[in-house]
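**Student:** Residue numbers are given in the working numbering: position 163 of the sequence shown equals residue 1139, and the series is strictly consecutive. Idealized CB from N, CA, C, for every residue including glycine. Quick caveat: nothing in here was measured; it's all calculated off a predicted structure. Before we start, here is the structure in question, set down as structure tokens.
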Amino acid sequence: MPGKFNKGDVSEGILAAAITARFLSKTKTVTNSDVMTIIGQLNKAKKEGSGVTSITKFQSPNAQKRVKDELICKVNLADINMKAFLSKSAYKDRDVMGIVTASVAYANGKYVQEWADMMYNNNQKNIIEVLSEGLLDQTGTKVDLKVRIDGKQAGVGISLKFGDVKQFGQVGGTKWESMLTLFSPLGVKFTKANKDKYIDMLAAKKLAPALTEVYSIAASQMSRKKKKAFATSLSSFMVEHATRGEEDVVLVQLNRAEAHVYDFDVLEQKLTGHTVDVVLSNGRTDKLSTGGYKGGSSIPQIDFMIKDKLLVRIRLKLEGNRVNSKGKRLPLTVRSYIEKGPATTQLITG
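Dropping the structure here:
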């Protein structure tokens, strides 16, 4: 078994291998065994940027057997994750084999099948690239994996999540600008008095009360908005955090040997006719027990509900404000997490 590695990062390579297997067979469904065969045929990785990259070329037939496409699988990972991805021993882990099974389910689904069929039947020589370039792309894209045909993106880009991860977006920091970034897209309008009070509370180290004040104002305003207008702003908010405004991006979640595909672009349509209730509640944190913070440890949370099912949640995550094992003081970090709920899964997964 290789050393400690990140299964979420390794899943990017496994999904790339599964999609490669699908484009290699084109008309046939692929199996776990096909994916393992592809992984076994991938070239050794070479140093590139802050990670290592494996690039392997295959030939893929068309319906006219004399016509063959060039199929390229490119995977970039951190060195330790690449070693795990390419090693046989890592696949003795049940979770890793679950990733293989889930990746096969995606590769055999409609998002890949349509393009594989098209490339098989066009009887043209194409260059098909399956690209998982993780550490190489520093543009802030949400896309972890994409397929490119003759230099142009084919179908959807994939934002990949491994395991039961609910978070799909976040806004960091406690500055007033962070509060605007978080709530303005949801139609919340703050006054100068709101801003001044918030800044004064932060200056007095009343962090939890300050955040509670802003969350409360936002929840109150959102709960009074008209159903249709709010559904539009909420869906736009969720799309932005899921895709960063990029077109043709889906969130693929590989979990328990299953692949769930979240298409946020259809969310506004799916919300039509539904009433979204805004529920403000409180959580607790132990991260304000030192450092002179005042006003208790109760922090706010906003749930957006469809009947009794959670659609999306905005919750605070506080970390740091402690001394680590080396005696170094770690500063407090505050993030507002955006997390999907069961109603999101029900509405937009395919």
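What do you reckon, are the CB atoms on A1195 and T1248 nearer than 9 Å?
**Tutor:** Along the sequence shown, one-based indexing puts residue 1195 at 219. Along the sequence shown, one-based indexing puts residue 1248 at 272. In this structure, T1248 does not lie closer than 9 Å to A1195 by Cβ.
**Student:** Roughly how many angstroms lie between the CA atoms of V1119 and S1135, to the nearest whole one?
**Tutor:** Along the sequence shown, read from residue 1 onward, the residue named residue 1119 stands at position 143. Along the sequence shown, read from residue 1 onward, the residue named residue 1135 stands at position 159. If you take the alpha carbons of V1119 and S1135, they lie about 5 Å apart.
**Student:** Is the beta carbon of S1192 sitting closer than 9 Å to the one on L1292?
**Tutor:** Position 216 of the sequence shown, counted from the start, is the residue given in the question as residue 1192. Position 316 of the sequence shown, counted from the start, is the residue given in the question as residue 1292. No, these two residues do not count as a Cβ contact at 9 Å.
**Student:** Can you list, in chain order, the residues of its chain whose CB lies under 6 Å from that of I1125, leaving out five sequence neighbours each side?
**Tutor:** Against the sequence shown, residue 1125 aligns to sequence position 149. If we look at I1125 and ignore the five residues flanking it on each side, its Cβ neighbours are N1102, I1104.
**Student:** Within 9 Å (strictly less), CB to CB, does N1231 reach chain B?
**Tutor:** Given the protein chain composition of this structure (a single chain), no chain B is represented.
**Student:** With contact counted as at least three CB pairs below 8 Å, one residue from each stretch, are the stretch 1075-1094 and the stretch 1000-1012 in contact?
**Tutor:** Segments in contact, yes.
**Student:** Just tell me which of K1022, N982, K1181 has its CA closest to the CA of G1272.
**Tutor:** Residue 1272 sits at position 296 when you count from the first residue of the sequence shown. It is K1181 whose Cα lies nearest to the Cα of G1272.
**Student:** Please go through the stretch 1177-1248 and give each complete beta strand (DSSP E) segment of 3 or more residues, from N-terminal end onward.
**Tutor:** If we require 3 residues or more, the beta strand (DSSP E) runs fully inside the stretch 1177-1248 come out as 1225-1231, 1234-1238.
**Student:** Which stretch, first to last residue, makes up the alpha helix (DSSP H) that contains S1257?
**Tutor:** Position 281 of the sequence shown, counting from 1, holds the residue named residue 1257. That residue, S1257, is in no alpha helix (DSSP H); its beta strand (DSSP E) goes 1252-1260.
**Student:** R1289 by DSSP, collapsed to three states: which one?
**Tutor:** The residue you call residue 1289 lines up with position 313 of the sequence shown. Correct three-state label for R1289: strand.
**Student:** From what residue to what residue does the beta strand (DSSP E) around K1137 run?
**Tutor:** In the sequence shown, the residue the question calls residue 1137 occupies position 161. That run of the beta strand (DSSP E) goes 1133-1138.
**Student:** Once the 5 residues before and after L1287 are set aside, which same chain residues still bring their CB inside 7 Å of it?
**Tutor:** Your numbering for residue 1287 matches position 311 in the sequence shown. Excluding positions up to five away in sequence, the list reads V1252, F1280, M1281, G1317, A1319, T1320.
**Student:** Alpha carbon to alpha carbon, how far is N1057 from G1027? Give it in angstroms, no decimals.
**Tutor:** Taking the sequence shown and counting its residues from 1, one reaches residue 1027 at position 51. Taking the sequence shown and counting its residues from 1, one reaches residue 1057 at position 81. Rounded to whole angstroms, G1027 to N1057 spans 9 Å at the Cα level.
**Student:** Are V1190 and N1170 closer than 9 Å when you measure CB to CB?
**Tutor:** For this step, residue 1190 is matched to residue 214 along the sequence shown. For this step, residue 1170 is matched to residue 194 along the sequence shown. Cβ atoms of V1190 and N1170: closer than 9 Å.
**Student:** Taking only three categories from DSSP, how would you classify S1063?
**Tutor:** Residue numbering aside, residue 1063 sits at position 87 when the sequence shown is read from its first letter. Correct three-state label for S1063: coil.
**Student:** Check the C-beta distance from K1137 over to Q1229 and give it rounded, since I have them as a contact under 8 Å.
**Tutor:** Walking along the sequence shown from the start, residue 1137 turns up at place 161. Walking along the sequence shown from the start, residue 1229 turns up at place 253. The pair is a contact, with the Cβ atoms about 5 Å apart (cut-off 8 Å).
**Student:** In or out: V1226 buried (at least 16 other Cβ within 10 Å) or exposed?
**Tutor:** In the sequence shown, the residue the question calls residue 1226 occupies position 250. With 16 or more Cβ atoms within 10 Å of its Cβ, V1226 is classed as buried.
**Student:** Output the distance between the C-alpha atoms of E1222 and T1150, rounded to the nearest integer angstrom.
**Tutor:** The residue labelled residue 1222 in the question sits at position 246 within the sequence shown. The residue labelled residue 1150 in the question sits at position 174 within the sequence shown. Rounded to the nearest angstrom, the two C-alpha atoms are 27 Å apart.
**Student:** Keeping to the same chain, check which residues put their C-beta closer than 6 Å to that of K1263; ignore five residues upstream and five downstream.
**Tutor:** By 1-based counting over the sequence shown, the position of residue 1263 is 287. Counting only Cβ-Cβ distances below 6 Å, and skipping sequence neighbours, we find L1294, N1297.
**Student:** For Y1313, which beta-bridge partners are listed by DSSP?
**Tutor:** By 1-based counting over the sequence shown, the position of residue 1313 is 337. Paired residues: Q1146, R1291.
**Student:** Whose C-beta lies closer than 6 Å to the C-beta of K1331 among residues of the same chain, with five residues either side of it excluded?
**Tutor:** With the chain represented from 977 up to 1326, any question about residue 1331 goes unanswered, as that position is not in the structure.
**Student:** Determine the direct distance from the alpha carbon of H1236 to that of T1167, and round the result to whole angstroms.
**Tutor:** For the purposes of this step, residue 1167 is taken as the residue at position 191 of the sequence shown. For the purposes of this step, residue 1236 is taken as the residue at position 260 of the sequence shown. Spanning the two alpha carbons is a distance of roughly 41 Å.
**Student:** What separation, rounded to the nearest whole angstrom, lies between the Cα atoms of Q1322 and V1043?
**Tutor:** For the purposes of this step, residue 1322 is taken as the residue at position 346 of the sequence shown. For the purposes of this step, residue 1043 is taken as the residue at position 67 of the sequence shown. Their backbone Cα atoms lie some 42 Å apart in a straight line.
**Student:** What's the C-alpha gap between L1210 and T1117?
**Tutor:** Here residue 1210 refers to the residue found at position 234 of the sequence shown. Here residue 1117 refers to the residue found at position 141 of the sequence shown. Roughly 21 Å separates the two Cα atoms.
**Student:** Which residue comes first and which comes last in the alpha helix (DSSP H) that contains F1280?
**Tutor:** Here residue 1280 refers to the residue found at position 304 of the sequence shown. Counting along the chain, F1280 falls outside any alpha helix (DSSP H), though it belongs to the beta strand (DSSP E) covering 1274-1282.
**Student:** Look up E1109 in the DSSP assignment and say whether it is helix, strand or coil.
**Tutor:** By one-based count along the sequence shown, residue 1109 stands at place 133. Coil at E1109, not helix or strand.
**Student:** Tell me the residue span of the alpha helix (DSSP H) that contains K1004.
**Tutor:** Numbered from 1 along the sequence shown, position 28 holds the residue referred to as residue 1004. Segment: none, K1004 is in no alpha helix (DSSP H) and carries neither H nor E.
**Student:** Near A1233, which residues of its chain fall below 7 Å by C-beta distance, leaving aside the five closest residues on each side in sequence?
**Tutor:** One-based indexing of the sequence shown puts residue 1233 at position 257. Correct list, in chain order: G1074, T1077, A1078.
**Student:** Which residue marks the beginning of the alpha helix (DSSP H) containing N1099, and which one marks its end?
**Tutor:** The sequence position of residue 1099 within the sequence shown is 123, counting from 1. Segment: none, N1099 is in no alpha helix (DSSP H) and carries neither H nor E.
**Student:** On the three-state DSSP scale, how would you describe K983?
**Tutor:** The sequence position of residue 983 within the sequence shown is 7, counting from 1. Helix, per DSSP.
**Student:** Once DSSP output is grouped into helix, strand and coil, what is the label at F1159?
**Tutor:** Working through the sequence shown from its first residue, we reach residue 1159 at position 183. Looking at F1159 - three-state DSSP - the assignment turns out to be helix.
**Student:** Take S1154 and list the residues in its own chain whose beta-carbon comes closer than 7 Å to its own, dropping the five residues that flank it on each side.
**Tutor:** Locating residue 1154 in the sequence shown gives position 178, counting from the first residue. Taken in chain order, the residues that qualify are V1147, G1148.
**Student:** Are A1066 and N982 close, meaning C-beta to C-beta below 9 Å?
**Tutor:** Residue 1066 sits at position 90 when you count from the first residue of the sequence shown. Residue 982 sits at position 6 when you count from the first residue of the sequence shown. Contact flag unset, no.
**Student:** Just to confirm the assignment, what range does the beta strand (DSSP E) spanning V1123 have?
**Tutor:** Position 147 of the sequence shown, counting from 1, holds the residue named residue 1123. Note, V1123: beta strand (DSSP E), 1122-1125.
**Student:** When you compare the CB positions of N1019 and Q1100, do they come within less than 9 Å of one another, or not?
**Tutor:** For the purposes of this step, residue 1019 is identified with residue 43 of the sequence shown, where counting begins at 1. For the purposes of this step, residue 1100 is identified with residue 124 of the sequence shown, where counting begins at 1. No; because the gap between Cβ atoms is not below 9 Å, this pair is not in contact.
**Student:** Give me the residue from V1088, G1303, I1278, K1201 with the minimum Cα distance to L991.
**Tutor:** Position 15 of the sequence shown holds residue 991. Comparing Cα-Cα distances from L991 to each of V1088, G1303, I1278, K1201, the minimum goes to V1088.
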